[in-house]
Amino acid sequence: MSLLGLACLVVAGCPSKESTTPTVMDARAQPYVVDIPVPKSFELDGRRSDHKIVAGRRSVNHYYCGSSDIIPVRSFYAHYMPLAQWQLVDEKLYAGTYVLNFRKNEEKCEIRIERVPAGMFGKPTQIRAVIKSLYAETPND
6 MSLLGLACLV VAGCPSKEST TPTVMDARAQ PYVVDIPVPK SFELDGRRSD
56 HKIVAGRRSV NHYYCGSSDI IPVRSFYAHY MPLAQWQLVD EKLYAGTYVL
106 NFRKNEEKCE IRIERVPAGM FGKPTQIRAV IKSLYAETPN D
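The sequence shown begins at 6 in our numbering and counts up by one.
Structure, rendered in structure tokens:
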């Protein structure tokens with residue numbers, strides 16, 4: 006019995022370990038495009054962004070700027086895009102730039118995450134979200 010009591014004291018006296026599970030950044034409550042999540046601390050660069058919806062087809066070319074490092078932003082999109090029904094097709098890393106390609110129904114979405122030397126208002130991380138129809142590039146369009 007005394008051994009059991011000693012074991013309980015030793016376990017109780019040990020400091021608890023912090024969770025090693027990485028946390029995912031929070032999403033904006035109201036994204037700029039209904040099914041494209043944006044990290045809470047990122048803002049739309051309206052001077053460079055545009056979108057167009059015609060006859061049920063949409064074309065989106067948005068830039069978002071913020072101060073987070075690119076790896077947490079990459080993790081954000083890997084987590085939130087499937088929740089918005091986007092399926093990851095592939096992911097690439099080119100010279101410090103993450104490119105994640107997703108597909109949903111008849112659309113494709115490219116998320117490009119990179120550091121920029123002179124970001125908007127001193128925010129060095131840029132996200133570019135491009136949505137196109139899978140069939141937008143056909144000659145008959």
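Beta carbons: idealized from backbone N, C-alpha and C, even for Gly. These numbers were taken from a predicted model, which means no experiment stands behind them.
Does the beta-carbon distance from residue 69 to residue 48 come in below 8 angstroms? yes
So, helix, strand or coil for residue 79, using DSSP? helix
Got a sec, what are the start and stop residues for the beta strand (DSSP E) residue 66 sits in? 62-71
Pick from 35, 131, 113 and 132 that is closest to residue 63, judged by C-alpha positions: 113
According to DSSP, what are the bridge partners of residue 130? 71 and 120
Could you pull out every residue in the same chain whose Cβ sits closer than 8 angstroms to the Cβ of residue 42, ignoring the five residues on either side in sequence? 32, 33, 36, 81, 82, 85, 86, 88 and 89
Separation of residue 73 from residue 54, as counted between CA atoms: 20 angstroms
With a threshold of 8 angstroms between beta carbons, is residue 49 in contact with chain C? Absent from the structure: chain C. Only one protein chain is present.
Among 65, 109, 46 and 51, which has the Cα closest to the Cα of residue 78? 46
Since residue 49 sits in a beta bridge, which residues does DSSP pair it with? 69
Under the three-state DSSP convention, the category residue 103 falls into: strand
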